[in-house]
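2 protein chains.
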Amino acid sequence: MDQKRVVIVGGGFGGLTAARSIRHAEVILIDRANHHLFQPLLYQVATAALSPGDIAWPLRTVFRSHPNVRVMMDHVLSIDRSMRMVRLQGSPPMLFDSLILAPGSRHAYFGHEEWESYAPGMKTMTDAVRLRGNMLIAFEEAERHRATSGSSPRLTFVIVGGGPTGVELAGALAEIGRKAMGPDYPHLRREDLSIILVEAGPRILPGFDRTLSVKAADALTHMGVTVKLNSLVTAVTPDGVQIGAGWIPSTHIVWAAGNRASPLLNTLSAPQDSAGRVIVHPDLTIPDDPWIFVIGDAAHCLGRNGSPLPGVAPVAMQQGRYVANLINQKLTPEQRPAFAYADRGMLATIGRAKAVAQFGPIRASGVLAWVLWCVVHIFFLIGFRNRVRVMSEWVWYYLTFKPGARVLY
Amino acid sequence: MDQKRVVIVGGGFGGLTAARSIRHAEVILIDRANHHLFQPLLYQVATAALSPGDIAWPLRTVFRSHPNVRVMMDHVLSIDRSMRMVRLQGSPPMLFDSLILAPGSRHAYFGHEEWESYAPGMKTMTDAVRLRGNMLIAFEEAERHRATSGSSPRLTFVIVGGGPTGVELAGALAEIGRKAMGPDYPHLRREDLSIILVEAGPRILPGFDRTLSVKAADALTHMGVTVKLNSLVTAVTPDGVQIGAGWIPSTHIVWAAGNRASPLLNTLSAPQDSAGRVIVHPDLTIPDDPWIFVIGDAAHCLGRNGSPLPGVAPVAMQQGRYVANLINQKLTPEQRPAFAYADRGMLATIGRAKAVAQFGPIRASGVLAWVLWCVVHIFFLIGFRNRVRVMSEWVWYYLTFKPGARVLY
Numbered sequence: 019m020d021q022k023r024v025v026i027v028g029g030g031f032g033g034l035t036a037a038r039s040i041r042h043a044e045v046i047l048i049d050r051a052n053h054h055l056f057q058p059l060l061y062q063v064a065t066a067a068l069s070p071g072d073i074a075w076p077l078r079t080v081f082r083s084h085p086n087v088r089v090m091m092d093h094v095l096s097i098d099r100s101m102r103m104v105r106l107q108g109s110p111p112m113l114f115d116s117l118i119l120a121p122g123s124r125h126a127y128f129g130h131e132e133w134e135s136y137a138p139g140m141k142t143m144t145d146a147v148r149l150r151g152n153m154l155i156a157f158e159e160a161e162r163h164r165a166t167s168g169s170s171p172r173l174t175f176v177i178v179g180g181g182p183t184g185v186e187l188a189g190a191l192a193e194i195g196r197k198a199m200g201p202d203y204p205h206l207r208r209e210d211l212s213i214i215l216v217e218a219g220p221r222i223l224p225g226f227d228r229t230l231s232v233k234a235a236d237a238l239t240h241m242g243v244t245v246k247l248n249s250l251v252t253a254v255t256p257d258g259v260q261i262g263a264g265w266i267p268s269t270h271i272v273w274a275a276g277n278r279a280s281p282l283l284n285t286l287s288a289p290q291d292s293a294g295r296v297i298v299h300p301d302l303t304i305p306d307d308p309w310i311f312v313i314g315d316a317a318h319c320l321g322r323n324g325s326p327l328p329g330v331a332p333v334a335m336q337q338g339r340y341v342a343n344l345i346n347q348k349l350t351p352e353q354r355p356a357f358a359y360a361d362r363g364m365l366a367t368i369g370r371a372k373a374v375a376q377f378g379p380i381r382a383s384g385v386l387a388w389v390l391w392c393v394v395h396i397f398f399l400i401g402f403r404n405r406v407r408v409m410s411e412w413v414w415y416y417l418t419f420k421p422g423a424r425v426l427y
Numbered sequence: 019m020d021q022k023r024v025v026i027v028g029g030g031f032g033g034l035t036a037a038r039s040i041r042h043a044e045v046i047l048i049d050r051a052n053h054h055l056f057q058p059l060l061y062q063v064a065t066a067a068l069s070p071g072d073i074a075w076p077l078r079t080v081f082r083s084h085p086n087v088r089v090m091m092d093h094v095l096s097i098d099r100s101m102r103m104v105r106l107q108g109s110p111p112m113l114f115d116s117l118i119l120a121p122g123s124r125h126a127y128f129g130h131e132e133w134e135s136y137a138p139g140m141k142t143m144t145d146a147v148r149l150r151g152n153m154l155i156a157f158e159e160a161e162r163h164r165a166t167s168g169s170s171p172r173l174t175f176v177i178v179g180g181g182p183t184g185v186e187l188a189g190a191l192a193e194i195g196r197k198a199m200g201p202d203y204p205h206l207r208r209e210d211l212s213i214i215l216v217e218a219g220p221r222i223l224p225g226f227d228r229t230l231s232v233k234a235a236d237a238l239t240h241m242g243v244t245v246k247l248n249s250l251v252t253a254v255t256p257d258g259v260q261i262g263a264g265w266i267p268s269t270h271i272v273w274a275a276g277n278r279a280s281p282l283l284n285t286l287s288a289p290q291d292s293a294g295r296v297i298v299h300p301d302l303t304i305p306d307d308p309w310i311f312v313i314g315d316a317a318h319c320l321g322r323n324g325s326p327l328p329g330v331a332p333v334a335m336q337q338g339r340y341v342a343n344l345i346n347q348k349l350t351p352e353q354r355p356a357f358a359y360a361d362r363g364m365l366a367t368i369g370r371a372k373a374v375a376q377f378g379p380i381r382a383s384g385v386l387a388w389v390l391w392c393v394v395h396i397f398f399l400i401g402f403r404n405r406v407r408v409m410s411e412w413v414w415y416y417l418t419f420k421p422g423a424r425v426l427y
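Sequence order for the protein chains is A and B.
Per my numbering, residue 19 is the first one in the first sequence, and the count goes up by one each step.
Per my numbering, residue 19 is the first one in the second sequence, and the count goes up by one each step.
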């Protein structure tokens with residue numbers, strides 16, 4: 019069967035890699051944003067260390083030299099398997115011969131969706147820009163308070179979730195708050211700012227080796243972050259967070275705790291796990307439909323150790339390349355090898371010259387891990403221009419502690 | 019009289035220069051934004067050629083090394099001359115010994131303020147980011163229309179006002195639309211896009227020499243811009259612009275026609291001209307108050323030729339430096355020399371390697387004027403980092419026609 023038209027939903031790491039790798043078919047890439055976002059650096063925008071344009075790349079520009087790829091900025095409303103089409107908000111339905119679903123996920127509030135307005139997550143550029151605005155305004159208000167009345171209500175940032183995103187956000191906030199922003203807010207004192215990282219489990223970075231979890235927690239504590247382990251959030255209000263019997267007053271709460279796959283997948287009528295991810299076959303297809311694929315953190319795909327693969331960029335990119343290959347070679351279901359993830363290791367940064375890394379048997383922390391982290395992240399950035407830019411921003415930031423990108427509008 | 023505390027309202031070119039130049043007094047610089055904006059390049063953000071962070075600089079960072087300057091982000095509600103204080107939205111009233119008012123201006127709609135919602139102006143970063151978003155979405159919609167239905171309603175941008183801002187905006191739109199965006203929107207055709215510059219008077223760039231006005235109009239026409247002279251706008255609706263008996267259908271109208279000084283000045287009870295500017299004495303003070311100054315485009319200050327000085331950055335900067343000097347030297351009204359503007363010439367850019375320039379008896383156009391324009395603008399940009407950045411962006415833009423900064427959020 020010739021796959022004349024491939025529709026791809028989502029221009030993240032998985033969808034983008036698939037679209038780039040498909041050779042002869044007509045490709046329609048649909049995303050609700052006009053850009054591919056380098057999500058692992060989103061916390062740098064949220065903490066005003068990088069500008070939005072530094073970590074995003076217009077999808078149309080990415081595909082200029084791919085005449086077979088057409089980019090559409092639109093919302094996908096539902097998928098109609100029997101009619102072989104996706105329904106769109108702004109255009110007529112789009113027919114497909116094969117479909118690659120890479121719609122990603124949003125934050126999950128474990129049945130308490132009403133918490134979202136007090137504790138927003140950070141998945142899109144809009145999220146990050148809003149967080150940045152709130153943080154900058156909070157600093158302005160605290161400074162104004164100190165300058166006019168001599169006292170300041172404590173400025174408390176609570177980050178819920180001790181995975182890589184939560185750790186990176188807490189570390190970046192501590193640095194921006196205590197070192198970089200310090201000289202700009204002469205009335206603010208060190209003790210006016212408090213950053214609390216809340217994790218329900220017994221350690222942060224649970225996907226990493228236990229020794230690295232301990233090192234990361236020590237580094238954060240040293241930077242002034244309060245790390246609260248075994249702390250399950252039981253309520254979120256406009257004024258703070260409840261943790262069992264404990265109460266943390268805060269109007270700046272960020273949610274980095276759980277994921278829920280895109281609700282678009284519910285229209286597929288395919289089996290899903292408790293996080294809404296579609297349970298895919300070893301060739302990443304859904305039951306009874308060998309030309310509908312689900313990839314990235316929208317897919318529940320078992321790894322070698324029997325547990326689902328994590329929702330990280332390398333998994334999504336390898337899956338995108340794998341699916342593109344099946345389509346390029348027109349492989350029937352019987353001819354397809356199972357998808358196998360080649361694990362190249364994990365990295366999480368904690369701050370300036372502080373990171374933890376894990377590659378097979380190798381464990382690294384401190385400056386070495388941080389340099390590795392920089393190289394890997396810059397290597398992954400899509401455009402040449404962005405690479406140079408991010409690199410120069412970082413070097414500048416490292417040397418001067420004067421992060422730009424703090425312009426509020 | 020010792021001027022212990024100087025309050026400055028507005029962190030534009032005038033206020034910023036004054037704050038930097040005052041030596042011993044305590045300075046309070048109040049602005050509603052957290053940044054100084056390089057307004058002459060705002061149209062580059064609106065047309066997605068530069069990013070917001072490239073043309074703005076956080077005020078707090080600018081004044082890190084000025085311990086006598088305190089930056090406040092707040093709205094000034096009114097000025098109370100008898101109590102010697104300004105009233106603020108977010109803080110207690112601020113007392114002053116001397117006051118420098120540099121609040122700038124907004125667009126004027128000649129009594130038709132209801133036009134603003136259909137034909138927004140471009141004065142702040144928020145304005146520019148909104149214009150950019152509308153432009154990018156309009157391109158997406160036109161492309162989608164062409165791709166799905168084969169036809170497209172014509173995408174018409176109307177710019178009202180043939181001064182430097184209108185000319186620069188029209189030229190930048192023509193370039194982005196026809197050259198840089200072309201490859202990204204493969205279905206859009208040249209004839210789908212129309213850019214119309216509307217000027218009420220008999221020529222564009224009325225402040226320049228007549229020969230340069232003609233050259234600029236020719237260059238714009240050559241780039242595909244329709245220049246309509248002697249065209250007074252008589253009505254603006256959500257669907258278009260009325261010009262006498264003529265009607266231009268458009269949902270993308272930008273207002274660059276008139277200025278009205280900040281309404282804050284109305285609370286001063288000082289004489290104002292028809293554009294709301296305060297009519298100042300030769301030492302830039304208001305009647306009966308030798309320590310309240312008005313500078314920049316909020317002031318009606320006569321030049322050597324007997325007409326008011328234009329609302330451009332060099333005037334504001336020279337006035338800021340002049341007033342700072344009076345304060346530094348504690349000059350009584352009798353000791354003060356009159357402010358005298360040293361005219362260093364005028365520049366307006368039309369596009370890539372196209373500009374007009376006028377320095378005393380010298381007239382230049384084309385590439386030479388454009389290079390001059392680049393150098394002057396970069397030279398004026400505040401921070402070292404921004405200078406390097408804007409320069410590298412420009413070189414990149416010139417070489418590749420791949421403007422970044424098109425990320426929509």
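Cβ coordinates follow ideal geometry from the N, Cα and C atoms, glycine included.
#1: Can you tell me which of A:T144, A:K372, A:G321 puts its alpha carbon nearest to the alpha carbon of A:A356?
#2: Given that a residue counts as buried once 16 or more other Cβ atoms are within 10 Å of its Cβ, and exposed if not, what is B:R162?
#3: Against B:S109, what residues of chain A qualify as contacts under a CB-to-CB distance less than 7 Å, listed in chain order?
#4: Using a Cβ-Cβ cutoff of 7 Å, what residues of the segment 67 to 78 of chain B are near chain A? List them in chain order.
#5: Under the assumption that A:K233 contacts A:V374 (Cβ atoms under 8 Å), give the Cβ distance between them as a whole number of angstroms.
#6: Using a Cβ-Cβ cut-off of 8 Å, state whether A:L59 counts as contacting chain B.
#7: Check each candidate in A:R196, A:I271, A:H318 and name the one with the smallest Cα separation from A:A288.
#8: When the distance is taken between beta carbons, is A:A36 closer than 8 Å to A:I118?
#9: Please name the residue or residues paired with A:T433 in a DSSP beta bridge.
#10: What do you get for A:K372, buried or exposed, if any count of 16 or more other CB atoms within 10 angstroms of its CB means buried?
#11: Could you tell me if A:R172 is buried or exposed, where buried requires 16 or more neighbouring beta carbons within 10 angstroms of its beta carbon?
#12: Report the rounded CA-to-CA distance for A:I380 versus A:H84, giving the unit in angstroms.
#13: I'd like to know if B:K420 contacts chain A, where contact means its C-beta is closer than 8 Å to some C-beta of that chain.
#14: Quick one: give me the first and last residue of the alpha helix (DSSP H) that B:S167 is part of.
#15: How many Å lie between A:I316 and A:G294 at the Cα?
#16: I'd like the span of the beta strand (DSSP E) that includes B:L47, first residue to last.
#17: Could you check what DSSP says for A:P351 in three-state terms: helix, strand or coil?
#18: Between B:P201 and chain A, is there a C-beta pair that is closer than 8 Å?
#19: Out of B:S292, B:F81, B:R82, which has the shortest C-alpha to C-alpha gap to B:P326?
#20: Anyone know if the C-beta pair for A:V45 and A:N86 falls short of 8 Å?
#21: Counting only C-beta atoms, is A:E44 closer than 8 Å to chain B at any point?
#22: Nearest to B:V89 by alpha carbon, out of A:P121, A:E159, A:H54, A:H130?
#23: Does DSSP classify B:F311 as helix, strand or coil?
#24: Are B:L211 and B:T65 closer than 8 Å when you measure CB to CB?
#25: Within its chain, find whatever has a CB closer than 8 Å to the CB of B:S39; leave out the 5 residues flanking it on each side and keep chain order.
#26: Under the DSSP definition of a beta bridge, which residues are partnered with B:W265?
#27: Assuming B:M140 and B:T183 are in contact, meaning their beta carbons sit under 8 Å apart, how far apart are those beta carbons, in whole angstroms?
#28: State the DSSP-derived secondary structure class of B:A382, mapped to helix, strand or coil.
#29: Any residues in the segment 123 to 148 of chain A with a beta carbon nearer than 7 Å to a beta carbon of chain B? Which ones, in chain order?
#30: Once you ignore the five residues that flank A:F128 on each side, which residues in its own chain have a CB closer than 7 Å to its CB?
#31: Considering A:G369, what are the terminal residues of the beta strand (DSSP E) in which it resides?
#32: Count the other CB atoms within 10 Å of the CB of A:F13; is the residue buried (16 or more) or exposed (fewer)?
#33: CA-CA distance, A:R164 and A:A237?
In this structure, then:
#1: Position 338 of the first sequence holds residue 356 of chain A. The option with the nearest alpha carbon to A:A356 is A:G321.
#2: As a working mapping, residue 162 of chain B is identified with position 144 in the second sequence. Under this definition B:R162 is a buried residue.
#3: Within the second sequence, numbered from 1, the residue matching residue 109 of chain B stands at position 91. In chain order: R162, T166.
#4: S69, P70, G71, A74, P76, R78
#5: As a position in the first sequence, residue 233 of chain A is number 215, starting the count at 1. As a position in the first sequence, residue 374 of chain A is number 356, starting the count at 1. Contact flag correct, Cβ pair sits at about 6 Å.
#6: In the first sequence, residue 59 of chain A corresponds to position 41, counting from 1. No, A:L59 lies away from the interface with chain B (no Cβ there is under 8 Å from its Cβ).
#7: As a first step, residue 288 of chain A must be located in the first sequence, where it is residue number 270. If we check each option's Cα against that of A:A288, A:H318 comes out closest.
#8: The residue labelled residue 118 of chain A in the question sits at position 100 within the first sequence. The residue labelled residue 36 of chain A in the question sits at position 18 within the first sequence. Yes, these two residues count as a Cβ contact at 8 Å.
#9: One cannot answer for residue 433 of chain A here, as it falls past the ends of chain A, which runs 19 to 427.
#10: For the purposes of this step, residue 372 of chain A is taken as residue 354 along the first sequence, with counting starting at 1. Buried: at least 16 other Cβ atoms inside 10 Å.
#11: For the purposes of this step, residue 172 of chain A is identified with residue 154 of the first sequence, where counting begins at 1. Exposed is the call here.
#12: As a working note, residue 380 of chain A is residue 362 in the first sequence. As a working note, residue 84 of chain A is residue 66 in the first sequence. Cα-Cα distance, rounded: 39 Å.
#13: As a first step, residue 420 of chain B is located in the second sequence; it is residue number 402 there, counting from the start. Here B:K420 scores only 48 on pLDDT, less than 50, and its place in the model is too uncertain to base an answer on.
#14: Numbered from 1 along the second sequence, position 149 holds the residue referred to as residue 167 of chain B. From DSSP, the alpha helix (DSSP H) with B:S167 extends over 143 to 167.
#15: Walking along the first sequence from the start, residue 316 of chain A turns up at place 298. Walking along the first sequence from the start, residue 294 of chain A turns up at place 276. As written in the sequence, residue 316 of chain A is Ala, which differs from the Ile given in the question. Approximately 8 Å between the Cα atoms of the pair.
#16: Working through the second sequence from its first residue, we reach residue 47 of chain B at position 29. From DSSP, the beta strand (DSSP E) with B:L47 extends over 44 to 49.
#17: Within the first sequence, residue 351 of chain A is the residue found at index 333, counting from 1. A:P351 falls in the helix class under three-state DSSP.
#18: Mapped onto the second sequence, residue 201 of chain B falls at position 183. For B:P201, the answer is yes, since a Cβ of chain A falls inside 8 Å of its Cβ.
#19: Translated into the one-based positions of the second sequence, residue 326 of chain B becomes position 308. Ranking B:S292, B:F81, B:R82 by Cα distance to B:P326 puts B:S292 first.
#20: Here residue 45 of chain A refers to the residue found at position 27 when the first sequence is read from its first residue. Here residue 86 of chain A refers to the residue found at position 68 when the first sequence is read from its first residue. Their beta carbons are under 8 Å apart, which means A:V45 touches A:N86 by this criterion.
#21: Counting from 1 along the first sequence, the entry for residue 44 of chain A is found at position 26. Not closer than 8 Å to any Cβ of chain B, the Cβ of A:E44 fails to qualify, so no.
#22: Position 71 of the second sequence, counted from the start, is the residue given in the question as residue 89 of chain B. When each option's Cα is compared against that of B:V89, the closest is A:E159.
#23: To locate residue 311 of chain B, count along the second sequence from 1; it is residue 293. Reduced to three states, the DSSP call for B:F311 is strand.
#24: To locate residue 211 of chain B, count along the second sequence from 1; it is residue 193. To locate residue 65 of chain B, count along the second sequence from 1; it is residue 47. The answer is no: Cβ separation not under 8 Å.
#25: Walking along the second sequence from the start, residue 39 of chain B turns up at place 21. Cβ within range, chain order: G338, R339, A342, N343, N346.
#26: Looking up residue 265 of chain B in the second sequence gives position 247. Partner(s): B:Q260.
#27: Here residue 140 of chain B refers to the residue found at position 122 when the second sequence is read from its first residue. Here residue 183 of chain B refers to the residue found at position 165 when the second sequence is read from its first residue. The Cβ separation is near 7 Å, so the contact holds.
#28: The residue given as residue 382 of chain B occupies position 364 in the second sequence. Three-state result, B:A382: strand.
#29: M143, T144, V147
#30: For this step, residue 128 of chain A is matched to residue 110 along the first sequence. These residues qualify, in order along the chain: G276.
#31: Position 351 of the first sequence holds residue 369 of chain A. Residues 364 to 369.
#32: This structure leaves residue 13 of chain A out entirely; chain A is present only between 19 and 427.
#33: The sequence position of residue 164 of chain A within the first sequence is 146, counting from 1. The sequence position of residue 237 of chain A within the first sequence is 219, counting from 1. Distance between the alpha carbons of A:R164 and A:A237: 29 Å.
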